[in-house]
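Novice:
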Amino acid sequence: MSKAGDGAAAGQPLLRIEDLQKKFGDLEVLCGVSLNVARGEKVSIIGPSGSGKTTLLRCINYLEKPSAGHIYIDGTLIGEKKSGDRFIYLTDRELARERQEIGFVFQRFNLFPHLTALGNVTVAPMRVLNLSREAAEARGRDMLQKVGLSHKADEYPERLSGGQQQRVAIARVLAMQPKLMLFDEATSALDPELIGEVLRVMRQLAEEGATMVIVTHEIQFASEVSDRVIFMDQGRIVEQGLSREVLFKPKEARTREFLKHIQDR
Amino acid sequence: MTFFQILEKNGWYFFTTLLSGWPATLTVASGALVFALIFGLVIALMRISTWRLLRWPATAYLEFFRGTPALVQLFVIYFGFPDWGFQPSPLQAAIIGLGMNGAAYISEIYRAGIESIHRGQMEAALSLGMTPIKAMQHIILPQAIRTMLPPMTNFSIVLLKDTAIVFSIGVLEVMALARQLVTETLTSAPIYLMAGAMYLCVTIPMARLAARLERQRQAWQ
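Protein sequence lines, in the order shown, are assigned to chains U and X.
Residue numbers are given in this note's numbering: position 139 of the first sequence equals residue 139, and the series is strictly consecutive.
Residue numbers are given in this note's numbering: position 173 of the second sequence equals residue 1173, and the series is strictly consecutive.
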């Protein structure tokens, strides 16, 4: 039994998605999505509700099991391994190890309410990476400082604003030092005046060279930060290309219609 | 003799005799509670598992222990187990019987507590690289415990009262001694009332504690 693609050659994409399909019963949410993301690349995914953006992101770290297709990170097959010609699913323990490489920032933050901000950031380094409390706390404080919240280390999530909670959630992901970061509409649940502080942190990460796949409705942000923009509709990639081309000179009528709808909003 | 004359004459004797049954009552109640807490968690985790092979036996267990009288279960363990080569003492049978019965009810408290935690909590834990077991241990259960505490306390009250049935397999707890006193003195009402009052002295503070925990839980939510 082997992990397909182990020992991958340099220069290959960090994330490779091959013909990904996902069905919920009879409903086909992803209809054969293929995508490559290079190391350090920032890719934004836009599209109407129900187009499959979030499902695509959730499939990348196997929070949703794809119905067909394969995902590779750094050449390593995610969620599956090859046994002869067959693909078989990984065990919980094997999958957990792979997920350490993939950070996921949720729309609704999903902070752990029984832990302080620092506790949220240190729990995975301690329990997953087996770092000592001192080492995890040192790393956790660094990450909180990075998102501008070192003064809130001892606060519980309920005492933080939405923007602060999302920044803690980003620090929590950063503390695991993932190869790839996935952002699922990270600002959608925030009041308009709190969006800026989260986008600033994301922009800073982008400038530092993080590899990011961002599902967003923030067109302005996508145009500034992304190297590439993908427009999805009905479970398919309709159009993709350089951000300025897709966002300002879209080729497809459906993309133009969506962008017009967003601008008129 | 009137009720009060009986109490005046024999009250202290009744009291000290009944009091001597409390160590057995508390041993059975606490032993069964520990058994139920541990085994109930296993049943609950099996019930919420995605594997049918785990879910089905847990459901069957639950149906059996909730659907049959605790007395029947006690008799099966005390009188039936020797047929299979294990002769438990009355105290062992009482703890195992009430513990297994309690596990069925407590597993539902666990399950409700775990399911009350938003799915996003488990997803966040998994996305950070935790296994489902670690996520349960460090993220879900510490949160769910707050939801579980009030019904757990109520269950403990029920369990304490249910220990009264173990006199039927010969455990010398409060009710068994009450029955002995009734046979010995041919007086029933003062003895049973005194036994009931003793139970109340323990259950009322526990009920208060349950109410307080419930208020704290509501405030937390």
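A virtual CB, placed ideally from N, CA and C, is assigned to each residue, including glycine.
Can you name the start and end residues of the beta strand (DSSP E) that G103 of chain U belongs to?
Specialist: Position 103 of the first sequence holds residue 103 of chain U. 102-105 is the span of the beta strand (DSSP E), which, as asked, contains G103 of chain U.
Novice: Output needed for T1059 of chain X: all residues of its chain with C-beta closer than 7 Å, excluding positions within five of it in sequence on either side, in chain order.
Specialist: Numbered from its first residue, the second sequence carries residue 1059 of chain X at position 59. Contacts found: R1047.
Novice: Answer with buried or exposed for E1173 of chain X, where buried requires no fewer than 16 other C-beta atoms within 10 angstroms of its C-beta.
Specialist: By 1-based counting over the second sequence, the position of residue 1173 of chain X is 173. Flag for E1173 of chain X reads buried.
Novice: To the nearest angstrom, how far is it from the Cα of T55 of chain U to the Cα of A1070 of chain X?
Specialist: Working through the first sequence from its first residue, we reach residue 55 of chain U at position 55. Working through the second sequence from its first residue, we reach residue 1070 of chain X at position 70. Distance between the alpha carbons of T55 of chain U and A1070 of chain X: 48 Å.
Novice: Please go through the same chain and pick out, in chain order, the residues whose beta-carbon is closer than 6 Å to the beta-carbon of Q240 of chain U, but skip the five residues on each side of it.
Specialist: Here residue 240 of chain U refers to the residue found at position 240 of the first sequence. These residues qualify, in order along the chain: I230.
Novice: Leaving aside the five residues before and after A1024 of chain X along the sequence, list all residues of the same chain whose C-beta is less than 6 Å from its C-beta, in chain order.
Specialist: The residue labelled residue 1024 of chain X in the question sits at position 24 within the second sequence. Here the set comprises V1171, L1172, E1173.
Novice: Using CA atoms only, rank isn't needed, just tell me which of X:I1191, X:F1064, X:G1113, X:M1100 is closest to L1149 of chain X.
Specialist: Counted from its first residue, the second sequence places residue 1149 of chain X at position 149. Answer by Cα proximity: X:G1113.
Novice: When burial is assigned at 16 or more other CB atoms within 10 Å of the CB, is E185 of chain U buried or exposed?
Specialist: In the first sequence, the residue the question calls residue 185 of chain U occupies position 185. E185 of chain U comes out buried.
Novice: Please state the DSSP three-state secondary structure of D227 of chain U.
Specialist: Within the first sequence, numbered from 1, the residue matching residue 227 of chain U stands at position 227. In this structure, D227 of chain U counts as coil in the three-state DSSP scheme.
Novice: Roughly how far, in whole angstroms, is the beta-carbon of L1018 of chain X from the beta-carbon of L1177 of chain X, given that I think they are within contact range, below 8 Å?
Specialist: Here residue 1018 of chain X refers to the residue found at position 18 when the second sequence is read from its first residue. Here residue 1177 of chain X refers to the residue found at position 177 when the second sequence is read from its first residue. About 6 Å; that satisfies the 8 Å criterion.
Novice: By Cβ distance below 7 Å, which residues in the same chain neighbour W1022 of chain X in space, the five residues on each side in sequence not counted?
Specialist: Within the second sequence, numbered from 1, the residue matching residue 1022 of chain X stands at position 22. Closer than 7 Å at Cβ, skipping near neighbours: V1174.
Novice: Considering just the uninterrupted stretch of the alpha helix (DSSP H) at Y1078 of chain X, what are its terminal residues?
Specialist: One-based indexing of the second sequence puts residue 1078 of chain X at position 78. Unbroken run through Y1078 of chain X: none, as it is neither H nor E.
Novice: Put G7 of chain U into one of helix, strand or coil per three-state DSSP.
Specialist: As a first step, residue 7 of chain U must be located in the first sequence, where it is residue number 7. Low per-residue confidence applies at G7 of chain U: pLDDT is 40, beneath 50, and the placement is therefore not dependable, though the value from the model is reported in the following sentence. Reduced to three states, the DSSP call for G7 of chain U is coil.
Novice: Based on the DSSP secondary-structure assignment, which residues constitute the bridge partners of L182 of chain U?
Specialist: The sequence position of residue 182 of chain U within the first sequence is 182, counting from 1. Assignment of beta-bridge partners to L182 of chain U by DSSP yields U:F104, U:V213.
Novice: With G1129 of chain X and R99 of chain U assumed to form a contact (beta carbons below 8 Å), what rounded beta-carbon distance in angstroms separates them?
Specialist: Translated into the one-based positions of the second sequence, residue 1129 of chain X becomes position 129. Translated into the one-based positions of the first sequence, residue 99 of chain U becomes position 99. Indeed they touch by this definition, with Cβ atoms about 5 Å apart.
Novice: Under 8 Å between C-beta atoms, does R167 of chain U make it to chain X?
Specialist: The residue given as residue 167 of chain U occupies position 167 in the first sequence. Chain X contact via Cβ: absent.
Novice: At a CB-CB cut-off below 7 Å, which residues of chain B make contact with H70 of chain U?
Specialist: Reference to chain B is not applicable here, since the protein chains of this structure are U and X.
Novice: Round the Cβ separation of P113 of chain U and Y62 of chain U to the nearest angstrom and send it over; I've been treating them as touching at under 8 Å.
Specialist: One-based indexing of the first sequence puts residue 113 of chain U at position 113. One-based indexing of the first sequence puts residue 62 of chain U at position 62. With a contact defined as Cβ atoms closer than 8 Å, P113 of chain U and Y62 of chain U miss out at about 25 Å.
Novice: Helix, strand or coil for K1009 of chain X, going by three-state DSSP, please let me know.
Specialist: Taking the first residue of the second sequence as position 1, residue 1009 of chain X is located at position 9. Reduced to three states, the DSSP call for K1009 of chain X is helix.
Novice: Quick one: list the residues of chain X neighbouring Q100 of chain U, beta-carbon separation under 7 Å, in chain order.
Specialist: Translated into the one-based positions of the first sequence, residue 100 of chain U becomes position 100. What Q100 of chain U touches in chain X: G1129.
Novice: By alpha-carbon positions, which one of X:G1196, X:I1096, X:A1103, X:Y1061 ends up nearest to E1039 of chain X?
Specialist: The sequence position of residue 1039 of chain X within the second sequence is 39, counting from 1. According to the sequence shown, residue 1039 of chain X is Phe rather than Glu. That would be X:A1103, whose Cα lies nearest to the Cα of F1039 of chain X.
Novice: When we look at the beta-carbon of N110 of chain U and count the other beta-carbons within 10 Å, is it buried (16 or more) or exposed?
Specialist: Here residue 110 of chain U refers to the residue found at position 110 of the first sequence. Under this definition N110 of chain U is a buried residue.
Novice: Give the DSSP-derived three-state secondary structure of H1138 of chain X in the structure shown.
Specialist: As a working note, residue 1138 of chain X is residue 138 in the second sequence. Three-state DSSP puts H1138 of chain X in a helix.
Novice: Please classify Y72 of chain U: does DSSP put it in a helix, a strand, or coil?
Specialist: Reading the first sequence from its first residue, position 72 is the one you call residue 72 of chain U. Y72 of chain U: strand per DSSP, three-state reduction.
Novice: Would you grab the beta carbon distance between T255 of chain U and E218 of chain U for me? Rounded to a whole angstrom, and I think it's under 8 Å.
Specialist: As a first step, residue 255 of chain U must be located in the first sequence, where it is residue number 255. As a first step, residue 218 of chain U must be located in the first sequence, where it is residue number 218. Not quite, the Cβ-Cβ distance comes to about 17 Å (not below 8 Å), so this is no contact.
Novice: I want to know whether the stretch 1068-1088 of chain X touches the stretch 1114-1123 of chain X - three or more CB-CB distances under 8 Å.
Specialist: Using a Cβ-Cβ distance cut-off of 8 Å, the stretch 1068-1088 of chain X and the stretch 1114-1123 of chain X are not in contact, since fewer than three pairs of beta carbons, one from each stretch, lie closer than that value.
Novice: Can you check whether the CB of Q166 of chain U is closer than 8 Å to the CB of K152 of chain U?
Specialist: For this step, residue 152 of chain U is matched to residue 152 along the first sequence. For this step, residue 166 of chain U is matched to residue 166 along the first sequence. Not in contact: K152 of chain U and Q166 of chain U (Cβ atoms no closer than 8 Å).
Novice: For M232 of chain U, which of helix, strand or coil comes out of DSSP?
Specialist: The residue you call residue 232 of chain U lines up with position 232 of the first sequence. Reduced to three states, the DSSP call for M232 of chain U is strand.
Novice: Do you know offhand how far A8 of chain U's Cα is from G75 of chain U's?
Specialist: Mapped onto the first sequence, residue 8 of chain U falls at position 8. Mapped onto the first sequence, residue 75 of chain U falls at position 75. Its pLDDT being 44, under 50, A8 of chain U is placed unreliably by the model, and nothing is read from it.
Novice: Pairing CB atoms from the stretch 45-60 of chain U with CB atoms from the stretch 18-30 of chain U, are three or more of them under 8 Å?
Specialist: yes
Novice: Once DSSP output is grouped into helix, strand and coil, what is the label at K249 of chain U?
Specialist: Sequence index remark: in the first sequence, residue 249 of chain U carries index 249 (1-based). Here K249 of chain U sits in coil by DSSP.
Novice: Could you pull out every residue in the same chain whose Cβ sits closer than 8 Å to the Cβ of M143 of chain U, ignoring the five residues on either side in sequence?
Specialist: One-based indexing of the first sequence puts residue 143 of chain U at position 143. The beta carbon of M143 of chain U lies closer than 8 Å to those of V121, A171, R172, L174, A175 in the same chain, with the five residues before and after it left out.
Novice: Within the 8 Å Cβ cut-off, does V37 of chain U reach chain X?
Specialist: Along the first sequence, read from residue 1 onward, the residue named residue 37 of chain U stands at position 37. Judged by the 8 Å Cβ criterion, V37 of chain U is not in contact with chain X.
Novice: Along the chain, where does the beta strand (DSSP E) that runs through I195 of chain U open and close?
Specialist: The residue labelled residue 195 of chain U in the question sits at position 195 within the first sequence. Careful: I195 of chain U lies outside any beta strand (DSSP E), inside the alpha helix (DSSP H) at 192-207.
Novice: Could you tell me the distance, in whole angstroms, from the CA atom of A4 of chain U to the CA atom of Y89 of chain U?
Specialist: Residue 4 of chain U sits at position 4 when you count from the first residue of the first sequence. Residue 89 of chain U sits at position 89 when you count from the first residue of the first sequence. Residue confidence for A4 of chain U is low, a pLDDT of 43 falling below 50, so the modelled location carries little weight; the figure read from the coordinates is stated next. The alpha-carbon atoms of A4 of chain U and Y89 of chain U are separated by roughly 13 Å.
Novice: Restricting to runs no shorter than 4 residues, where is the alpha helix (DSSP H) found entirely within the stretch 1044-1105 of chain X?
Specialist: Listed in chain order, the alpha helix (DSSP H) runs fully inside the stretch 1044-1105 of chain X are 1052-1067, 1070-1075, counting runs of at least 4 residues.
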